[in-house]
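Asks:
In UniProt numbering, the protein residues as written are 1 to 397.
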């Protein structure tokens, strides 16, 4: 699986390791200072903060909106591995899974398909504004695994506009939808082939309805309704009827790798809280840290976090090597990270104990959001078969 434009650095330029680490440090410092103090309140109010987004997307700061946009188009020009590290520090600094998901959807899932499959005109129109945070991109998380979900949007030729298409249907679970300028949509034709489109929010007969989700409430959610929307040929992303071999495999891999990355930071934050609790809490007059079961739990927490980071960085590095990401490695990294996030949350909750009324309630958020995280990306019903098929030689590596 080769993409015509390298998703991480098509212009051949990436910051040095030192520059990327400095960017990661700025991200963690800024999210710790600006996002973390308000995370619990934003979570309770189910609130999105535009001013926070502006600060995080500032090109003179972390530049989070343009991590994977080349410098020639106004982005940071990071590699996939460097981007994973930045998203990791975002999760640790903000302690906010919803914020991490929202920024990842824009930074990776909405940006890279345009970088990899878009025409020159599409890249020049969208990517500079996406890099600055002026335009946000969004998509339905269900469409990152289109083959596992029944099609909900159809496409038919527009009789009055040669080369145009009429799109009809509905897509839910659209992360960042209420704030988005444009949407990545995959539509099915009568012959069951599929085409990807980039559709601007102001397209006539496209309706965006804000919705609430039980998890990750700091990420804004929406449902898209397309009532026979007319889109022109320049809205097609990639090849007409080619989404099954172009956009869909790319989206699946991006989802498995990059939306997992903030959870590395969340697990690290939980580890920090568990260590602090082990040193201060007592049981029958004895510090928890003196107990063997506590030490075993801490060792397991740290080990799971490090292994998840290793698997994700290995999968991301394949983008940087030759642009040939491995579905098996990406699926394995996602599967392990999901399992690790839930186990780390449970162990940390046992060590931290009942949350204080005025605490930031990270354990509670992580427990709720880890369940949602486990259900996205196709869940285990998709991840296990992808890994097994590759091992058996009956699927793409």
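Just so you know, even glycine gets a beta-carbon here, dropped at the ideal spot from N, CA and C.
Where does the unbroken alpha helix (DSSP H) through residue 313 begin, and where does it stop?
Replies: It spans 292-322 - the alpha helix (DSSP H) in which residue 313 sits, taken as one unbroken run.
Asks: As a quick exercise: from 377, 266, 327, pick the residue whose alpha carbon is nearest that of residue 305.
Replies: Ranking the options by Cα distance to residue 305, first place goes to 266.
Asks: Please report the distance separating the alpha-carbon of residue 176 from that of residue 292.
Replies: Cα-Cα distance, rounded: 44 Å.
Asks: Please determine, among 63, 287, 160, the residue with the shortest C-alpha to C-alpha distance to residue 131.
Replies: It is 63 whose Cα lies nearest to the Cα of residue 131.
Asks: Closest to residue 213 by CA distance: which of 390, 43, 25, 15 is it?
Replies: Considering only alpha carbons, the answer is 43.
Asks: Could you work out which residue in 332, 111, 296, 35 is closest to residue 78 when comparing CA atoms only?
Replies: The shortest C-alpha separation from residue 78 is found at 111.
Asks: Is it the case that the Cβ atoms of residue 235 and residue 174 are separated by a distance below 8 Å?
Replies: Cβ distance not < 8 Å, so residue 235 and residue 174 don't count as in contact.
Asks: DSSP puts residue 155 in a beta bridge; with which residues?
Replies: According to DSSP, residue 155 bridges with 167.
Asks: For residue 284, does the count of other Cβ atoms within 10 angstroms reach 16, so buried, or fall short, so exposed?
Replies: Classification for residue 284: exposed.
Asks: If we count the other Cβ atoms within 10 Å of its Cβ and call it buried at 16 or more, is residue 134 buried or exposed?
Replies: Label assigned to residue 134: exposed.
Asks: Which residues does DSSP list as the beta-bridge partners of residue 194?
Replies: Per DSSP, 188.
Asks: Over what stretch of residues does the alpha helix (DSSP H) that includes residue 138 continue unbroken?
Replies: Looking at the DSSP string, residue 138 is not in any alpha helix (DSSP H); the run it does join, the beta strand (DSSP E), is 137-140.
Asks: Check whether the Cβ atoms of residue 347 and residue 274 sit closer than 8 Å, and answer yes or no.
Replies: Yes, the Cβ-Cβ distance between residue 347 and residue 274 is below 8 Å.
Asks: Taking the alpha-carbon of residue 82 as reference, which of 59, 373, 227, 27 has the nearest alpha-carbon?
Replies: Nearest of 59, 373, 227, 27 to residue 82, Cα basis: 27.
Asks: Helix, strand or coil for residue 19 per DSSP?
Replies: Three-state DSSP puts residue 19 in a helix.
Asks: The alpha helix (DSSP H) with residue 122 in it runs from where to where?
Replies: Taken as a continuous stretch (DSSP letters only), the alpha helix (DSSP H) holding residue 122 covers 120-132.
Asks: What is the DSSP secondary structure of residue 229, reduced to helix, strand or coil?
Replies: Residue state, collapsed to three classes: strand.
Asks: CA-CA distance, residue 367 and residue 342?
Replies: About 7 Å.
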